[in-house]
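A.B. asks: Sending over a structure as structure tokens; questions will come in a sec.
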Amino acid sequence: MLKRKPLDVPTDPFERRAFANGATPEEWAEFHRTNIITVSMRVKWWLRRTLHVLR
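Be aware that the sequence shown starts at 59, since it is given in the numbering used here, and climbs by one per residue.
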């Protein structure tokens, strides 16, 4: 049986919000700065959220 490492959930509220949405803190800051989410960002974030759930 595989032993998986537990997820490292950030303690900072800003980073935690980014983590919950599947983004990196840098990507999340870019979104808040521009208020624009591109299709590629949505796909990356969705994939990261899905991988966290499947993990």
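Cβ atoms here follow ideal geometry from the backbone N, Cα and C, with glycine treated the same way.
Owing to the predicted nature of the structure, the values given are computational and were not obtained by experimental measurement.
Could you spell out where the alpha helix (DSSP H) holding alanine 87 opens and where it closes?
C.D. replies: Counted as a single uninterrupted DSSP element, the alpha helix (DSSP H) harbouring alanine 87 occupies residues 83-92.
A.B. asks: Could you check where the alpha helix (DSSP H) with proline 68 kicks off and where it finishes?
C.D. replies: Taken as a continuous stretch (DSSP letters only), proline 68 belongs to no alpha helix (DSSP H), as it is neither H nor E.
A.B. asks: Does the beta-carbon of phenylalanine 72 have 16 or more other beta-carbons within 10 angstroms, so that it is buried, or is it exposed?
C.D. replies: exposed
A.B. asks: Does alanine 78 pass the burial test, meaning 16 or more other C-beta atoms within 10 Å, or should it be called exposed?
C.D. replies: Flag for alanine 78 reads exposed.
A.B. asks: Are there 16 or more other CB atoms within 10 angstroms of the CB of tryptophan 86, so buried, or fewer, so exposed?
C.D. replies: Buried, by the Cβ-count rule.
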